[in-house]
Amino acid sequence: MTRAGINITLLLAGATASMPVIMVGHILAENYGTLFALLTVLAGNAVLCAIGFLTVHLALKYKTTTTDTVIALGGSTLSKVFSVAMVVSMLGWFCVQCSVLVDFAHGYFPSMPHVLLTLLIGITLVLAAMGDIKRLLWLAQRLGPLLLLGCSGMFVWALSNTHVVEAKEAVAFWPSFSLVIAVNLSWVIDVPTFYRGLSSQKEGFVSIFVVMFVATTMVQALGVLLVSSYDSVGLLMSPFGVVLALSGWLINVNNLYSAVVSSQTIIKTENFARRSVLLGALALVLVCMHVSDSLVTFIEAITLGISSMGGVMAVCAIVRFRNEIALAVSWCLGLASGALSLASVLTLTGAAQVDAFLSACIFAILALYGVQLWQSQLSPKNS
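For the sequence shown, this note's numbering begins at 369 and goes up steadily by one.
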């Protein structure tokens, strides 16, 4: 792998050790037992890795950001809708993750005002994200090895201090499997934003395998193993909390960077640093207003648009035929399916994001082949 490929891998693998990712394994083990949780984590991340291969293919085919890739596939109108969904979703998760970091810091500095902690942490995040991808790679070179060492130490400790947990509830495979996929589905769809500068598809495939299957599986397995030692609050405030907080800080830099890159089609300024400050300031205001908890359901609803577009992108990575109207309709139908699932009206898998992705895949395949068949039937008549 080239140096750029190694740094991208370090950047994204280092950001996997965040609380949302590790808590997936923790929740599954707590409810369904150690063995089932480990098998489900392996299966779910194998599927995410396969989706990642498809988005890496698109990233290195078009060599551009995720939003510009959507323009190439479905036109500028669809891209603007997708851009809004990406910006709102990434800023929302930025707020949620920033609140976790502030709570972690408040545990060590209880006398410091909440607003001041928020501003200090937020300013470091904005400064780190306001450069181009080279600044993120510079961070990866410094933080990646430390996070790798910290996670390895956590894993060794967990292996020697854990015991098998028995299931408390009847095994529910599909909801559990879907949960593993849902937690990282938006990130896998946004792969082109980070992977567009790599030199070859082989390098991209190796990187996504390391990040999505090896690193993410290891982190979620860590959550499985630690369930017998810590609850969620205790884990964040344990000696391992520093590793989780540092990884959470890094993933939040990635969240803000992704939001800024995605905003280029809707914010009329070419200045990347200016957009970073604008979106970062907006996010920090929301964090100071303590709206993070109420944002979660709203973010989940917005993320359905990203998941549905991911299904369309996955089909476009395999099927060569294109039709903008068919893809737009497929995206809308996938979004509707996810909304029905989120409202508990009708669900395929138990996870709304996964339902939106799968439905969009199915509708896109049917729509593209239907249009292609219709055009082939018309062509003899026209001739």
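Think of the CB as a built atom: it goes at the ideal place given N, C-alpha and C, for glycine as much as any other residue.
Quick caveat: nothing in here was measured; it's all calculated off a predicted structure.
Coarse secondary structure for residue i, derived from DSSP in three states
i: R371; result: helix
i: S528; result: helix
i: T433; result: coil
i: T671; result: helix
i: T384; result: coil
i: S712; result: coil
i: H474; result: helix
i: F689; result: coil
i: K636; result: coil
i: H658; result: coil
i: G412; result: helix
i: T717; result: coil
i: R564; result: coil
i: G442; result: helix
i: G401; result: coil
Beta-carbon spacing of residue i, residue j below 7 Å
i: T682; j: G702; result: Sequence check: residue 682 is Ala here, not Thr. Not closer than 7 Å, so no.
i: M454; j: S644; result: no
i: V579; j: A381; result: yes
i: A535; j: Y400; result: yes
i: G616; j: L469; result: yes
i: S457; j: T633; result: no
i: A383; j: N622; result: yes
i: T530; j: L593; result: yes
i: T561; j: T433; result: yes
i: A425; j: G591; result: Before going further, note that residue 425 is His rather than Ala in the sequence given. No; because the gap between Cβ atoms is not below 7 Å, this pair is not in contact.
i: F545; j: T715; result: no
i: V680; j: A735; result: no
i: A694; j: V739; result: yes
i: V653; j: S467; result: no
i: G572; j: L378; result: no
i: L514; j: A651; result: no
i: V533; j: V595; result: yes
i: V559; j: T423; result: yes
i: N375; j: L505; result: yes
i: S712; j: A720; result: no
i: G718; j: W542; result: yes
i: G678; j: I491; result: no
Among the options, nearest to residue i - alpha-carbon criterion
i: A589; options: R371, A397, L514; result: A397
i: A473; options: G609, C656, S676, L493; result: G609
i: M657; options: T486, K570, H425; result: T486
i: L416; options: S705, S554, P481, M498; result: S554
i: V452; options: I674, A694, W699; result: I674
i: M391; options: S676, K502, F666, T584; result: T584
i: A641; options: E668, N552, V494; result: V494
i: E638; options: L484, L654, T370, D500; result: D500
i: L353; options: L647, I419, P607; result: Lying before the first or after the last residue shown, residue 353 is absent from the chain, which here runs from 369 to 751.
i: S538; options: K431, G442, F404; result: Rather than Ser, the amino acid found at residue 538 in this sequence is Ala. Among K431, G442, F404, the Cα nearest to that of A538 belongs to F404.
i: P388; options: V548, M369, G412, L511; result: V548
i: W699; options: S606, A720, L504, F450; result: F450
i: K502; options: V582, I576, G373; result: G373
i: V524; options: I489, W506, V587; result: V587
i: V464; options: C684, L708, I667; result: I667
i: S568; options: I491, L488, F421, C729; result: F421
i: F577; options: M480, P607, A418; result: A418
i: G706; options: L741, R688, A732, S676; result: S676
i: A440; options: S727, Y737, N691; result: N691
i: N620; options: I557, L507, S520; result: L507
i: Q743; options: I730, F689, A497; result: F689
i: G565; options: I635, M480, V628, Y430; result: Y430
i: G412; options: T437, V582, P478, H482; result: V582
i: S727; options: Q745, T370, M498, A704; result: A704
i: T437; options: A685, P478, Y476, A627; result: A685
i: A627; options: I730, G521, V687, A497; result: A497
Within-7 Å CB hit, residue i to chain B
i: L515; result: In the structure shown, chain B cannot be found, because there is only a single protein chain.
Ranges of the alpha helix (DSSP H) found wholly within the region 567 to 633, counting only runs of at least 4: Whole alpha helix (DSSP H) segments, 4+ residues: 569 to 576, 584 to 593, 600 to 604, 609 to 630.
Those runs of the alpha helix (DSSP H) which lie wholly inside the region 477 to 560 and span at least 4 residues: You should have 482 to 497, 501 to 528, 541 to 557.
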